[in-house]
Amino acid sequence: YTVNLQLLPWLETTAFYTEFPNKLYSDVPDFSGDNILADKGFDIKARLWEESYWLPEVSVGFRDFAGTGLFDAEYVVANKRFGPVDVSLGLGFGRLGTHDDFTNPFCELSDDYCQRENSFGGNGGKVEFDRWFTGPMAVFGGLEYQTPWEPLSLKAEYDGNDYSTERAGVPIKQDSRWNFGANYQVSDYFDVQLSYERGNTLMFNFSLRTNFGTLNQIKVTPDKVVPTEEKRKESLAEVDWAGMNRTMREQMAFSGARFAAEDDEVTMYGYHFRYRDSEEAYDRAARVMAAELPDSVKTYNMVDMALFDPNVNTKIDADKFKDRVLNRDPGKDVDEVDDLFVRLESPDMPERGDDSWKLNPENKFTNRYGLKPFLDQSFGNPETFYTYQLGVYAFGRRWLSDNVELFGEVGFNIATNYDDFLFLGGGRDALPPVRTDIRKYVQSDIWLDSAQVTYHKRLGQDWFAMAYAGYLERMYGGLGAEVLYKPVDSRWAFGFNANRVRKRDFEGGSGFLDYEVTTGFASVYYQMPWLSDSLLQLDFGQFLAKDKGVQVTMQKRFDSGVVAGAYAAFTDVSSDEYGEGSFTKGFFISIPFDLMSVRPTRERVGFTWVPLSRNGGQQLQRRARLYDYTDDRAPFYNR
């Protein structure tokens, strides 16, 4: 089973599982029963330079570079297209070099390159650089021909792997180094392949694919307001401020809008939850203001609110905006108005009794509650390859004041095979079981997932804070606080969080166990200019098992809004102490919900894959982060 992601134009990443029907996961029935072995691995391929008229594209790749090493290989390959024919030629090492066509040229540098160890050392999961480009070397290559019939392409491949050396447990015979195949594109998202490999084996496989950059969904949105002059009021005294608030909401631009006015400037304070592209909300809101406010108003301010506090201000020259949207600006598209938006620090809200207020209703704190489905899943476990839990969360939320929020969530199991678990922890780990006994928690059909009270406060122009206490996640409860420094439109942000938590009991109720720990991190966030739409996060601090180190998280945002990311935690725990996997790592994809909905929304759904979860490098699963709350200050997720 293989998942391949073109993360960047020059970088391919792959994760895979290979099952061995003739091998058991282990020889201990109480641990894994009769489940067969599944080996996981990761591949990476990086382009060194692009193809030109004369030169081929050249790439370097590493296969199974952080797994058990059963399929590890390194290669350098060149590709050149000639009309409908794409030609590749490369040199392989490791599994791709076992035919040993040539003497490894790196042997001239050191005898260590002449031999390759037959077995992977350690616990897997770590990169063993000393194996790279060692041992025998072989040639591989191929031809791909795009036939005149567009859905069909034909392939021929010359293999560098000698299959008699495979560690599959049974001999694999290779009668020929040539492989032949055909690829038929059934649709834009579905391919089937048929091939004849090794001179003796017929193969069939299929692939599903999509383009994260072009995913889209037709939206049902109201027509934009046309700010004609005949509807415009003569003075601020004539403006229907409550009506403007209603129109803002009908346009899905802003909700809870409040208005303050001074001389020739009107400021709106509100929330926009619908459009991931903030400029769409600003355009619609400014049109409403231009349609209602008198021509004496020269400046519109639209202040995004976050947690009842001003977040960021977008300033618009009213006359220029009206000229643009009424098609009085020569050479300019009426729908291209983003160049008129000036982003500034948000002003402080006037005091409640200030004379500048035109509409400032009291906050009405209502209950918000509902149901949301969830699917927890993992792969490659000892008892079975695929484990899952399908369920639903019932949640409730209540703001007690402008600063205090109460939130609770109860989980209900619908279907699961987690009850197949035989091993429930208690192994020989050198670290406290801060995560490995998650299996004991998922046995409950009903559980209190979280119940916490949170206090939010804006400390200054660029400073934000929150404090929280309660049952913070399924496995831990306690208290904590977070502070964030995030200037408007800055690529940098800095945060700090500290938590004192205690482990909850396994029944899913209100009880606690004996384990208690202080965990927290100093965080650095950086949106990298040289990697378009990419966010790097570094968390330095103490993890749940009291190990210290850094977690590195890298996220890439595609044009559709889909975010793909990976993380790895490196701590002072050795790979032997950590156990199988060597260190904590995982991958995730966050998908905007409006790619599946006809109505715009900023909600997201996500999928996370953790190859193997141990106790080292584990963070508290906090419900919310200030960086996410303040995304509009320097947009990454909503753009």
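So the sequence shown is numbered by this note's numbering: it starts at 14 and just counts up by one. We put the beta carbon where it would ideally sit given N, CA and C, even for glycine.
| Query | Result |
| --- | --- |
| Looking at C-alpha atoms only, which residue of Arg94, Thr81, Phe153, Gly578 is the closest neighbour of Phe106? | Phe153 |
| CB-CB under 6 Å to Asp296, same chain, minus the five flanking residues each way: which ones, in chain order? | Val350 |
| Take the Cβ of Lys186 as the centre, count every other Cβ of all protein chains shown within 10 Å, and call the residue buried at 16 or more, exposed below. | exposed |
| Could you pull out every residue in the same chain whose Cβ sits closer than 6 Å to the Cβ of Gln230, ignoring the five residues on either side in sequence? | Leu608 |
| Which residue marks the beginning of the beta strand (DSSP E) containing Trp254, and which one marks its end? | Careful: Trp254 lies outside any beta strand (DSSP E), inside the alpha helix (DSSP H) at 254–263. |
| Counting pairs of Cβ atoms below 8 Å between the stretch 464–472 and the stretch 603–617, do you hit three or more? | no |
| How many whole angstroms separate the CB atoms of Gly74 and Ala91, which I take to be in contact at a CB cut-off of 8 Å? | About 12 Å separates the two Cβ atoms, so there is no contact after all. |
| Determine, using beta carbons only, whether Ala299 and Ile329 come nearer to each other than 8 Å. | yes |
| Just tell me which of Glu520, Ala494, Tyr538, Asp502 has its CA closest to the CA of Arg513. | Ala494 |
| I think Lys36 touches Gly182, with their Cβ atoms under 8 Å apart; what is that distance to the nearest whole Å? | 6 Å |
| Apart from the five residues just before and just after Ala28, which ones in its own chain have a Cβ nearer than 6 Å to its Cβ? | Val16, Phe55 |
| Are the CB atoms of Arg653 and Asp552 nearer to each other than 8 Å? | Because the chain here runs from 14 to 652, residue 653 falls outside it and cannot be looked at. |
| For Lys385, I'd like the list of residues in its chain whose CB is within less than 6 Å of its CB, leaving aside the five on either flank, ordered along the chain. | Tyr406 |
| Short of 6 Å in beta carbon distance, which residues of its chain neighbour Lys270, apart from the five on each side in sequence? Order them along the chain. | First, the amino acid is wrong: residue 270 is Ala here, not Lys. Result list for Ala270: Asn258, Met261, Met281, Gly283, in chain order. |
| By Cβ distance below 8 Å, which residues in the same chain neighbour Met541 in space, the five residues on each side in sequence not counted? | Arg504, Ser547, Leu548, Leu549 |
| Can you tell me which of the three DSSP states Val301 falls into? | helix |
| Using a Cβ-Cβ cutoff of less than 6 Å, which residues in the same chain neighbour Leu167 once the five nearest sequence positions on both sides are dropped? | Tyr158, Ala195 |
| For Met315, count neighbouring C-beta atoms within 10 Å of its own C-beta (all shown protein chains included) and say buried if the count is 16 or more, exposed if not. | buried |
| What did DSSP end up calling Lys244 once you bin it into helix, strand or coil? | helix |
| Which whole-angstrom value is the C-beta distance of Tyr481 and Ala506, which I expect to be below 8 Å? | Between Ala506 and Tyr481 the Cβ distance is about 20 Å, and since that is not below 8 Å, they are no contact. |
| If you drop the 5 nearest sequence neighbours on each side, which residues of the same chain put their C-beta closer than 7 Å to that of Phe620? | Phe601, Ile602 |
| Count the CB pairs spanning the stretch 376–395 and the stretch 351–359 that are closer than 8 Å, and state whether there are at least three. | no |
| Check each candidate in Leu372, Leu109, Phe434, Ser536 and name the one with the smallest Cα separation from Glu179. | Leu109 |
| Quick one: residues in its chain with C-beta nearer than 7 Å to the C-beta of Asn340, no 5 flanking neighbours on either side, listed in chain order? | Val347 |
| What's the gap between the Cα of Ala464 and the Cα of Thr214? | 57 Å |
| Between which two residues does the alpha helix (DSSP H) harbouring Asp43 extend? | 42–45 |
| Just to confirm, is the Cβ distance from Asn192 to Arg211 under 8 Å? | yes |
| Going along the chain, which residues of its own chain have a beta-carbon closer than 8 Å to the beta-carbon of Arg287, five neighbours each way excluded? | Met265, Ala266, Ala294, Arg612, Pro613, Thr614, Arg615 |
| Suppose you measure from the CA of Val565 to the CA of Ala582; what does that come to, to the nearest Å? | 6 Å |
| Just to confirm my understanding: we take Tyr650, look at its own chain, exclude 5 residues before and 5 after, and list those with CB closer than 6 Å. What are they? | Asp644 |
| Nearest-angstrom Cα distance between Phe119 and Arg60? | 22 Å |
| When the Cα atoms are used, what is the spatial distance from Arg517 to Arg636? | 16 Å |
| Are Asn683 and Pro161 touching if we call contact CB-CB under 8 Å? | The displayed coordinates of the chain run from 14 to 652. Any statement about residue 683 would go beyond what the structure contains. |
| If you draw a straight line from the alpha carbon of Leu544 to that of Ala577, how long is it in whole angstroms? | 14 Å |
| Grab the span of the beta strand (DSSP E) containing Ser588 for me, first residue to last. | Unbroken run through Ser588 is the alpha helix (DSSP H), 588–591; no beta strand (DSSP E). |
| What three-state label does DSSP hand Glu251 in the structure shown? | helix |
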